[in-house]
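Chains as they are written, first to last, in the working numbering: chain A, 1183 to 1630; chain B, 39 to 348.
Backbone N, C-alpha and C fix where the C-beta goes; we use that ideal spot for every residue, glycine too.
Predicted model only: the values in this text are computed from it and were never measured.
So the structure is just underneath, and the comments pick up after that.
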Amino acid sequence: MNSLLTRRALLRRTTVAGIGLASAAVFTSCAGGVGKPAPAVVKAEYWHSWSTPPVVKAVADATAEYNAQHPGREVIARWGIPATRALLAVAGGQPPDIVTLYPGGTLSEWANNGALRSLTPLVQASRYDLTRFVQSQITHAIFDGQLYALPLGMGAYMFYYDRKIFQAAGISAPPKTLQEAQQISQKLTEKSLGGFARVGFLPFAGFSGNGSGFSLYSYLFGGKIWSVKEQRFTINTPANLAALRWLTDYYRAYGPTAVDKFTAGFGNQAQDPFFAGKLAMEINGQWQVFNAKNFKPNLDYDVAPIPYDEQHPQLRNSTMTRGNSLVLPKGSHHVEEGWSFITWMQTGNAPVIMAKAVNNMPAVRSYLSDPRLTSIDPRYARFLAYLRNGNVQPQWPPTPVTGILPNAFQTDVDAATHGAESPQQALAHIELVMQENLAAMQRRGKSA
Amino acid sequence: MATVATPGVRPSVQMRKAMSQRNARVGFFFAFPFLLGFVTLQVYPLLASFYYSFTQFNVFQPPIWIGADNYVQLFQDPLFWTSLRNTLFMVIVGVPVQLVVALLAALLLNSKVRGIAVFRTLVYLPTVTPVVASSLLWLWLLNPVYGPVNWVFVHILHVSGPGWFATAAWAKPAMIFMGLWGIGTAMVVFLAALQGVPEQLYEAARIDGAGAWQRALRVTLPLISPASFFLLITHVIDALQIFVTAYVIGGGGGGPQNALLFYALYLYQNAFNFLKMGYASAMAWLLFLVILILTLLIFRSSRRWVYYEG
Chain A
1183 MNSLLTRRAL LRRTTVAGIG LASAAVFTSC AGGVGKPAPA VVKAEYWHSW
1233 STPPVVKAVA DATAEYNAQH PGREVIARWG IPATRALLAV AGGQPPDIVT
1283 LYPGGTLSEW ANNGALRSLT PLVQASRYDL TRFVQSQITH AIFDGQLYAL
1333 PLGMGAYMFY YDRKIFQAAG ISAPPKTLQE AQQISQKLTE KSLGGFARVG
1383 FLPFAGFSGN GSGFSLYSYL FGGKIWSVKE QRFTINTPAN LAALRWLTDY
1433 YRAYGPTAVD KFTAGFGNQA QDPFFAGKLA MEINGQWQVF NAKNFKPNLD
1483 YDVAPIPYDE QHPQLRNSTM TRGNSLVLPK GSHHVEEGWS FITWMQTGNA
1533 PVIMAKAVNN MPAVRSYLSD PRLTSIDPRY ARFLAYLRNG NVQPQWPPTP
1583 VTGILPNAFQ TDVDAATHGA ESPQQALAHI ELVMQENLAA MQRRGKSA
Chain B
39 MATVATPGVR PSVQMRKAMS QRNARVGFFF AFPFLLGFVT LQVYPLLASF
89 YYSFTQFNVF QPPIWIGADN YVQLFQDPLF WTSLRNTLFM VIVGVPVQLV
139 VALLAALLLN SKVRGIAVFR TLVYLPTVTP VVASSLLWLW LLNPVYGPVN
189 WVFVHILHVS GPGWFATAAW AKPAMIFMGL WGIGTAMVVF LAALQGVPEQ
239 LYEAARIDGA GAWQRALRVT LPLISPASFF LLITHVIDAL QIFVTAYVIG
289 GGGGGPQNAL LFYALYLYQN AFNFLKMGYA SAMAWLLFLV ILILTLLIFR
339 SSRRWVYYEG
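This is how it looks when you write it as structure tokens:
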């Protein structure tokens, strides 16, 4: 046809072509269906927010293994999805079937917001044994008496010390108590014009903030932040006061402002203060072993149990843990498949694959002596042993307002160590803030 | 025009009415995408945030009406007052410092020396840098341990330098110091105003025996006052809304002992870290009130010091 193609004609033709294509597609798919009936595969979606290639691959490998062992089921792992997006999907009524949550209060807050399915009925129905896990990772997943997550790997803190600096100063063994650490620190501290060239030990240096550090010192002095029985914060207590007093005196001895200036010079990777010799000791997580391998392979260091308070020798070998978890969102369509997958992830190769990729440790106790993991590095092996035998607590208690805790502590612990508030005032204020937030949350619970 | 194409025939009143109606319809049709966006993305959120400010709202569950509780709580929240104090410090100390330095720079750059265009460009250039990049740069420049500024203090002046962003006492002065890097925009406005001052007024003043100081005070300042007025208002509003620099420098937190916890940052923390949307909405409306009042006060005062020629 040589006639000019009008717009209307073009539209008509493309529509016809489109219908033709679509019907062809329908026809062929029908034809395929007739020839070989596809098995009914139940597909479950698993969302996680990891995006580093080794971890994405590890999850993909684990799910592939699960799928191979479970004909008729398929878990589809989707990576790089932030937890908030998953939560919005739950709120919007289109939840994934399985989600991984990360440390930092999200678990108890999701549970409090009614976004999670309680796993307790599933545990009871299948008589699933929870004692297989390092208990701190179960404690942090219990909210209002219900279990909301199974662990997926965990991290913990230990005491790092630079053996070269220790040898040069004639110190043969790492400190057993916090008070010993305090003395050794003074010996190893070197001044320079404009501040310090090196400080032996700074109690908060290995933590993301003074707030998250304080929860450990609270444990070390026999304190607790939350009473599960009374469902209230127990921050302003003699034990926590002893902890904050010790910390305040510690920072006073060095001058809190001078320390602020010194820590402002801390960097990451190769510039990490422990790697750069600016700190001779620190309390840090097992990830530091892997960082050392990457950024300072010839660093002569070791890890030891966290020094305890001399008044509380029964709390030697203490640590706190934080971990990732596997949850089943409320409203998900494949509960049975979800439960099957998250329990399967605690068995076989999965815990090893995941721990190796994330540079953390399995939360299943039997894997803590797995030779595939203990052979990675002697210092990493110490972490595994520490978790087997140690006095292990979760970093933060599961409360409806755990997400606010680090910030509430940060402000007042800072004020106390800088002398702007007395330790007593600081703790009283943190407790007040947290109780107010809790009350507001409970008021919403009642009216909802 | 239709009247030109068909001479002698004037459109009737009815026709004109129909045409204007048609024009209105077409106009509305073309404006519709904007109006749709404006109403759904601006007006609705604005009104909704006012409603949310009276509720407890965590985004995931429906909001619960709690009356003025958020506002009452705000006044009892010490961090609210800390953030307000920090922000007002930037308004009361930071803005004048910035404007005075910008004016001095403009005066210098208004002189007739060789290569003045190069100097003007150099002073303006930092304004082009993205805020996040310049904040990170200053974080490094002012690092108390390895920053070049303190290197000068330690190695040349042989004193220990200030702690800058790392210490509570120096954090806000450091912010103001950093802000001077970005005076380019204010400088350009001042420069344009300075160049608009007629030469003959200076001549007349000189004939009347006015010295350099008097000429600056009696001729220059009054004649550039509309520019100063404009800059004052925009800078005050900007200072009340400081966010990006503080967020980058404090790493999302409030800096040393919350010295850099500015109002907008605390608002953000409440909204997105603590998921207290109602509380954050209440903060936003209070900030709106503060900005409105300050702007009105400045407008009021302008009658006494802003001079419009003619």
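C-beta neighbour in chain A for residue i, strict 8 Å
i, result
"glutamine 295 (chain B)", "yes"
"leucine 117 (chain B)", "yes"
"glycine 199 (chain B)", "yes"
"phenylalanine 113 (chain B)", "no"
"asparagine 124 (chain B)", "no"
"asparagine 148 (chain B)", "no"
"glycine 291 (chain B)", "yes"
"phenylalanine 312 (chain B)", "yes"
Neighbourhood of residue i by C-beta, 8 Å cutoff - its chain only, sequence neighbours within 5 removed
i, result
"isoleucine 1535 (chain A)", "Ala1240, Asp1243 and Ala1244"
"methionine 1502 (chain A)", "Ser1318, Ala1338, Tyr1339, Ser1397, Leu1398, Tyr1401, Val1574, Gln1575, Pro1576 and Gln1577"
"glycine 1200 (chain A)", "Here the model assigns glycine 1200 (chain A) a pLDDT of 49, short of 50, so the residue's position is not dependable and the matter cannot be decided."
"glutamate 347 (chain B)", "Leu261"
Under 7 Å by beta carbon: chain E residues contacting residue i
i, result
"valine 192 (chain B)", "Among the protein chains of the structure shown, namely A and B, there is no chain E."
Where the alpha helix (DSSP H) through residue i begins and ends
i, result
"tyrosine 1568 (chain A)", "1560 to 1571"
"isoleucine 1263 (chain A)", "That residue, isoleucine 1263 (chain A), is in no alpha helix (DSSP H); it is neither H nor E in DSSP."
"isoleucine 1280 (chain A)", "Isoleucine 1280 (chain A) -> not in any alpha helix (DSSP H); beta strand (DSSP E) instead, spanning 1280 to 1283."
"glycine 305 (chain B)", "In the sequence as presented, glycine is not what sits at residue 305 (chain B); that position holds leucine. Start and end: 301 to 306."
"phenylalanine 191 (chain B)", "186 to 193"
"glycine 65 (chain B)", "51 to 76"
"tryptophan 1232 (chain A)", "Run containing tryptophan 1232 (chain A): none; DSSP gives neither H nor E here."
"phenylalanine 337 (chain B)", "315 to 343"
"glutamate 34 (chain B)", "Shown here, chain B extends from 39 to 348; a query on residue 34 (chain B) therefore has no answer."
"glutamate 1372 (chain A)", "No alpha helix (DSSP H) holds glutamate 1372 (chain A); the beta strand (DSSP E) holding it covers 1372 to 1374."
Sequence-distant residues of its chain with Cβ nearer than 6 Å to residue i (five each side left out)
i, result
"leucine 1332 (chain A)", "Leu1508 and Ile1524"
"aspartate 1648 (chain A)", "The structure shown has nothing for residue 1648 (chain A), since chain A only spans 1183 to 1630."
"alanine 206 (chain B)", "Pro294, Gln295 and Ala297"
"asparagine 1294 (chain A)", "Pro1582"
"phenylalanine 1378 (chain A)", "Phe1444"
"leucine 261 (chain B)", "Val235"
"glycine 1393 (chain A)", "Pro1588, Phe1591 and Gln1592"
"alanine 1462 (chain A)", "Asp1344, Ile1347, Leu1370 and Gly1382"
Residue i at chain B interface by Cβ criterion, 8 Å
i, result
"isoleucine 1407 (chain A)", "no"
"asparagine 1541 (chain A)", "no"
"threonine 1593 (chain A)", "yes"
"threonine 1439 (chain A)", "yes"
"leucine 1510 (chain A)", "no"
"alanine 1608 (chain A)", "no"
"aspartate 1454 (chain A)", "no"
"aspartate 1596 (chain A)", "yes"
"alanine 1462 (chain A)", "no"
"histidine 1600 (chain A)", "yes"
"alanine 1632 (chain A)", "What is shown of chain A runs 1183 to 1630, which leaves residue 1632 (chain A) out entirely."
Within chain B, partners of residue i - CB distance below 9 Å
i, result
"glycine 1447 (chain A)", "Asn181, Pro182, Val183, Tyr184, Gly185 and Ala204"
"leucine 1145 (chain A)", "This structure leaves residue 1145 (chain A) out entirely; chain A is present only between 1183 and 1630."
Cut-off 7 Å between Cβ atoms - residues of its own chain near residue i, not counting five sequence neighbours on either side
i, result
"glycine 1217 (chain A)", "Since pLDDT at glycine 1217 (chain A) reaches only 48, below the 50 mark, its modelled position is unreliable, and the value read off the structure follows with that caveat. Cβ neighbours of glycine 1217 (chain A) beyond the five flanking positions: none."
"alanine 1452 (chain A)", "Phe1477 and Lys1478"
"methionine 1527 (chain A)", "Ala1244, Leu1334 and Leu1508"
"alanine 320 (chain B)", "Ser91, Asn108, Tyr109 and Leu112"
Under 7 Å from the C-beta of residue i: neighbouring residues of chain B
i, result
"aspartate 1442 (chain A)", "Gly201, Ala204, Thr205 and Pro294"
"isoleucine 1586 (chain A)", "Phe312"
Contact set between residue i and chain B, taken where Cβ atoms lie within less than 8 Å
i, result
"leucine 1289 (chain A)", "Ordered by position in chain B, no residue passes the 8 Å Cβ test against leucine 1289 (chain A), which lies about 15 Å from the chain."
"asparagine 1295 (chain A)", "Asn96, Phe98 and Gln99"
Closer than 7 Å: residue i CB and nearest the ligand MG heavy atom
i, result
"alanine 1539 (chain A)", "Annotation note on the ligand MG: not contained in the displayed structure, which lists no ligands."
Chain A residues whose Cβ lies nearer than 7 Å to that of residue i
i, result
"asparagine 188 (chain B)", "Gly1376"
The beta strand (DSSP E) enclosing residue i, as first and last residue numbers
i, result
"glycine 1377 (chain A)", "1377 to 1383"
"serine 149 (chain B)", "Neither: serine 149 (chain B) is in no beta strand (DSSP E) and is coded neither H nor E."
"serine 173 (chain B)", "Careful: serine 173 (chain B) lies outside any beta strand (DSSP E), inside the alpha helix (DSSP H) at 169 to 179."
Suppose only complete runs of 4+ residues qualify. What are the alpha helix (DSSP H) ranges in the segment 1521 to 1545 of chain A, listed by chain order?
1532 to 1540
Counting only runs of 3+ residues fully inside the segment 1437 to 1522 of chain A, write out the beta strand (DSSP E) ranges in chain order.
1461 to 1467, 1483 to 1486 and 1500 to 1509
Runs of 3 residues minimum, wholly inside the segment 196 to 224 of chain B: which ones carry the beta strand (DSSP E) assignment?
none
Note down, one range per segment and in chain order, each beta strand (DSSP E) of at least 3 residues found wholly within the segment 1299 to 1346 of chain A.
List check, beta strand (DSSP E) in window: 1332 to 1344.
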